[in-house]
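Everything below concerns the one structure shown next.
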Amino acid sequence: MIPLEAYITLSAFLFVIGGFGFLIRRNVIVTLLSIEVMLNAVNLAFVAFNRAHAADANAVGAHTGQVFAFFGIAAAAAETAVGLAIVLSMFRLKRSVRTDEADLLKN
Amino acid sequence: MSLIFALSPLIVVTVGALLLMLAEAFSKNKEGLAVGSTMVLTAGGAFAGAVWMKGFEGADVESLAPWLIIDRFSLFFFMLLCLGGALATLLAGGYLPEHRLDRGEFYSLLLFTTLGAMILSAAGDLLTVFLGLETMSLGAYCMTAFRRASVRSAEGALKYFLLGSFAAAIMLYGFALLYGITGTTSLVGISKAMRAGASHGPGAIFALILVLVGLIFKVSGVPFHMWTPDAYEGAPTPATTYMSVAVKSGGFAMMLRVLITAFGDPQSMSWGSGWPPALALVAVLTMTVANLTAGQQESVKRMLAYSSIAHAGYLLVGVVAIMRAHEQATASVLFYLLTYTVSTAGAFGALILCGRRGAEAVSLEDLAGIGKRHPAAALPFALFLLSLAGVPPTAGFFGKWFIFRAAMDSGFYWLTIIAFINSVIGAYYYLRVLVFMYMREPAAGAPVATPMRSGYVSTALLVSAVLVLALGLCPSTSLDVAVQAATGLGG
Chain A
0 MIPLEAYITL
10 SAFLFVIGGF
20 GFLIRRNVIV
30 TLLSIEVMLN
40 AVNLAFVAFN
50 RAHAADANAV
60 GAHTGQVFAF
70 FGIAAAAAET
80 AVGLAIVLSM
90 FRLKRSVRTD
100 EADLLKN
Chain B
0 MSLIFALSPL
10 IVVTVGALLL
20 MLAEAFSKNK
30 EGLAVGSTMV
40 LTAGGAFAGA
50 VWMKGFEGAD
60 VESLAPWLII
70 DRFSLFFFML
80 LCLGGALATL
90 LAGGYLPEHR
100 LDRGEFYSLL
110 LFTTLGAMIL
120 SAAGDLLTVF
130 LGLETMSLGA
140 YCMTAFRRAS
150 VRSAEGALKY
160 FLLGSFAAAI
170 MLYGFALLYG
180 ITGTTSLVGI
190 SKAMRAGASH
200 GPGAIFALIL
210 VLVGLIFKVS
220 GVPFHMWTPD
230 AYEGAPTPAT
240 TYMSVAVKSG
250 GFAMMLRVLI
260 TAFGDPQSMS
270 WGSGWPPALA
280 LVAVLTMTVA
290 NLTAGQQESV
300 KRMLAYSSIA
310 HAGYLLVGVV
320 AIMRAHEQAT
330 ASVLFYLLTY
340 TVSTAGAFGA
350 LILCGRRGAE
360 AVSLEDLAGI
370 GKRHPAAALP
380 FALFLLSLAG
390 VPPTAGFFGK
400 WFIFRAAMDS
410 GFYWLTIIAF
420 INSVIGAYYY
430 LRVLVFMYMR
440 EPAAGAPVAT
450 PMRSGYVSTA
460 LLVSAVLVLA
470 LGLCPSTSLD
480 VAVQAATGLG
490 G
């Protein structure tokens with residue numbers, strides 16, 4: 000059986016990769032992908048923790064982590080839909096999907 | 000049956016939002032939507048008031064725990080959020096037709112966002128916290144992007160969305176760690192595990208840091224405030240009003256609930272190894288940076304955006320004081336949110352009233368001399384700015400007074416002094432608007448703002464003005480309500 004540490008290490012790696020991708024990349028589509036990677040790291044952590052915690056599969060709250068992961072997937076999908084709509088409306092006006100060209104609003 | 004009564008504020012807003020969405024799809028006449036949504040939100044607030052008065056003991060609200068917690072704290076926020084939402088819908092009813100943005104989905108978005116904020120304020124489990132937060136944030140992103148022909152709107156929405164999702168992902172990872180450490184997602188269960196010793200581990204501290212990042216982002220505290228001025232400036236003004244009023248209140252409800260319930264153990268709440276020192280630092284930074292930057296703004300809307308960040312700083316002072324004076328400080332934060340809601344909604348409403356299509360009130364120069372040309376539009380603006388600055392006898396004075404007193408009573412003299420100095424700096428940029436309105440004349444040939452006429456906007460301003468004066472002249476009743484709400488939130 001693969002130990003919990005392995006899952007959590009993988010999840011932390013994914014989260015850090017997503018975070019760096021968000022901070023470094025300037026293409027909005029890639030930025031959205033990075034956020035998606037972060038959210039999937041969270042889902043992985045939830046499911047792994049669930050398996051570590053739930054010794055008795057019939058106990059109340061034995062599937063909390065898995066349920067959380069499902070909600071996380073649904074919310075991530077909704078978030079992507081809204082995000083792509085915003086990117087699309089930006090692209091229609093500026094013909095660009097680069098975050099460093101979104102520089103109209105500043106102090 | 001009594002359970003349905005206890006849940007009636009949420010049910011009314013949900014059903015109302017769905018019905019209005021249907022009505023919007025099938026009707027040609029968009030005029031009624033503003034009235035309809037205002038009525039839905041007023042009804043939601045009224046039901047919350049009725050549940051508050053009648054009491055909900057024996058209503059079996061325990062069966063909803065830990066997912067939803069119906070207590071006086073959540074009922075207070077139901078009323079506050081419905082008030083803020085109703086004022087924003089009234090403003091939208093005047094603003095959207097004037098600026099040719101009259102598309103009905105704005106009202107549905109606003110209602111569903113309010114529903115998300117209400118769920119957030121009643122959430123007693125990390126899962127419902129997350130769902131409420133996402134419902135609230137997604138609606139707010141859409142409302143920011145509502146002016147589809149405007150690059151500013153799209154750009155503000157893009158920044159808000161990207162940073163908001165990033166912060167939500169960080170906070171969610173904190174939730175996952177909390178679940179891993181404690182084995183439960185209910186806030187009360189986490190608190191129990193923390194008290195049993197889980198709060199000493201490095202994992203718990205790391206989780207606390209991640210959760211704090213998300214919480215501070217949502218209330219736009221420095222250094223996670225960068226999105227706020229851009230999103231607030233880009234959004235149509237009613238959406239800005241809504242974000243600075245209801246979305247911020249929802250954020251503070253989440254912050255209070257999560258910090259007090261889940262991280263309320265002596266270890267996490269201590270000055271040596273908990274969240275209060277981090278939050279105190281953020282409060283000082285927020286107040287100082289926002290007040291110093293607000294004074295340099297030429298755009299009035301952007302100035303008000305920085306002002307809303309500064310007010311988040313004062314509120315954070317109150318949140319820090321909860322560490323030592325639990326009920327008093329919580330009540331002062333709740334009362335401040337009420338005064339801030341009516342003053343800010345009024346200030347943005349007056350800004351909307353001052354401009355019409357083609358002659359908008361954007362910069363300070365646009366407002367020059369408007370006090371003499373159009374006294375009826377300038378007078379409410381002056382009142383709300385004075386309230387935001389905290390001048391007696393307006394609501395803002397007592398809001399600040401109770402926060403500062405709670406901070407003094409819990410021994411944070413240095414924090415109170417910094418907050419006081421900041422509110423003096425803050426008075427500068429509010430008074431600068433008054434100087435432009437009443438003591439300057441516009442340069443020859445310069446564009447000037449011309450007020451619009453709208454029954455909706457006037458109604459919103461009238462309601463806000465009455466509340467600002469009422470809260471400023473006799474704050475005791477609403478303070479009593481805030482104290483009861485704070486008592487409901489067990490530590």
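Protein chains in written order, with numbering that gives the first Met the number 0: chain A, 0 to 106; chain B, 0 to 490. Using N, Cα and C, we set each Cβ at its ideal position, and we do this for glycine too. A quick note: this is a predicted structure, and the numbers were derived from the prediction, not measured.
Per-residue contacts from residue i into chain A (C-beta, under 9 Å)
i	result
residue 233/B	103 and 104
residue 126/B	63, 66, 67 and 70
residue 147/B	88, 91 and 92
residue 365/B	Neighbours of residue 365/B on chain A: none; closest Cβ ~18 Å, over 9 Å.
residue 408/B	By Cβ distance, chain A contributes nothing, its closest Cβ being about 37 Å from residue 408/B, past 9 Å.
Cutoff 6 Å; reference residue i; Cβ partners in own chain excluding five residues on either side
i	result
residue 29/B	101 and 103
residue 185/B	65 and 124
residue 478/B	334
residue 70/B	487
residue 424/B	290
residue 87/B	237, 240 and 241
residue 41/B	85
residue 440/B	368
residue 10/A	40, 43 and 44
residue 53/B	none
residue 158/B	226 and 229
Contact set between residue i and chain A, taken where Cβ atoms lie within less than 7 Å
i	result
residue 150/B	92, 93 and 103
Amino acids of chain B, ordered along the chain, whose beta-carbon sits closer than 7 Å to that of residue i
i	result
residue 85/A	140, 144, 153, 156, 157 and 160
residue 52/A	182
residue 45/A	175 and 178
residue 16/A	What residue 16/A touches in chain B: nothing, since even the nearest Cβ is about 12 Å away.
residue 30/A	161
Contacts that residue i makes with chain B (C-beta to C-beta distance below 9 Å)
i	result
residue 20/A	Result: empty, since nearest Cβ-Cβ is about 11 Å, beyond 9 Å.
residue 27/A	157 and 161
residue 37/A	164, 165, 168, 169, 171 and 172
residue 12/A	The contacting residues do not exist; residue 12/A stays about 12 Å from chain B at best.
Chain A residues whose Cβ lies nearer than 8 Å to that of residue i
i	result
residue 137/B	77, 78 and 81
residue 133/B	74, 77 and 78
residue 86/B	What residue 86/B touches in chain A: nothing, since even the nearest Cβ is about 25 Å away.
residue 130/B	70 and 74
Same chain only: Cβ atoms within 8 Å of residue i, ignoring 5 sequence neighbours per side
i	result
residue 432/B	299, 302, 363, 366, 380 and 384
residue 415/B	316, 403, 406 and 407
residue 114/B	9, 12, 13, 16 and 134
residue 103/A	none
residue 51/A	3
residue 37/A	13, 14, 17, 18 and 21
residue 220/B	281, 282, 284, 285, 308, 311, 312 and 315
residue 270/B	276 and 322
Amino acids of chain D, ordered along the chain, whose beta-carbon sits closer than 8 Å to that of residue i
i	result
residue 40/A	The chain inventory of the structure shown lacks chain D, comprising the protein chains A and B.
Contact belief for residue i with residue j at Cβ below 8 Å, rounded distance in angstroms
i	j	result
residue 37/B	residue 116/B	At roughly 17 Å, the Cβ-Cβ gap does not stay under 8 Å, so residue 37/B and residue 116/B are not in contact.
residue 129/B	residue 75/A	Not quite, the Cβ-Cβ distance comes to about 11 Å (not below 8 Å), so this is no contact.
residue 286/B	residue 418/B	6 Å
residue 320/B	residue 262/B	Residue 320/B to residue 262/B, Cβ: 16 Å. No contact.
residue 156/B	residue 252/B	That belief does not hold up - the Cβ atoms of residue 156/B and residue 252/B are roughly 24 Å apart, past 8 Å.
residue 564/B	residue 397/B	The first residue shown for chain B is 0 and the last is 490, placing residue 564/B beyond what the model contains.
residue 190/B	residue 260/B	6 Å
residue 89/B	residue 248/B	Incorrect: roughly 17 Å between the Cβ atoms, too far for contact.
Interface residues of chain B facing residue i [CB-CB closer than 8 Å]
i	result
residue 172/A	Outside the displayed range of chain A (0 to 106) lies residue 172/A, so it cannot be described from this structure.
Sequence-distant residues of its chain with Cβ nearer than 7 Å to residue i (five each side left out)
i	result
residue 448/B	353, 354, 358, 359, 360, 365, 366 and 369
residue 7/A	44 and 47
residue 340/B	79, 82, 83, 244 and 248
* Asked: How about the segment 448-463 of chain B and the segment 313-331 of chain B: do they share at least three Cβ pairs that are nearer than 8 Å?
  -> no
* Take every Cβ of the segment 141-148 of chain B, pair it with every Cβ of the segment 270-290 of chain B, and state whether three or more of those distances are shorter than 8 Å. => no
* With contact counted as at least three CB pairs below 8 Å, one residue from each stretch, are the segment 78-97 of chain A and the segment 197-215 of chain B in contact? -> no
* At a cut of 8 Å, does the segment 178-194 of chain B reach the segment 214-224 of chain B through at least three beta carbon pairs? -> no
* Asked: Going along the chain, which residues of the segment 207-230 of chain B sit with their C-beta nearer than 8 Å to a C-beta in chain A?
  -> 228 and 229
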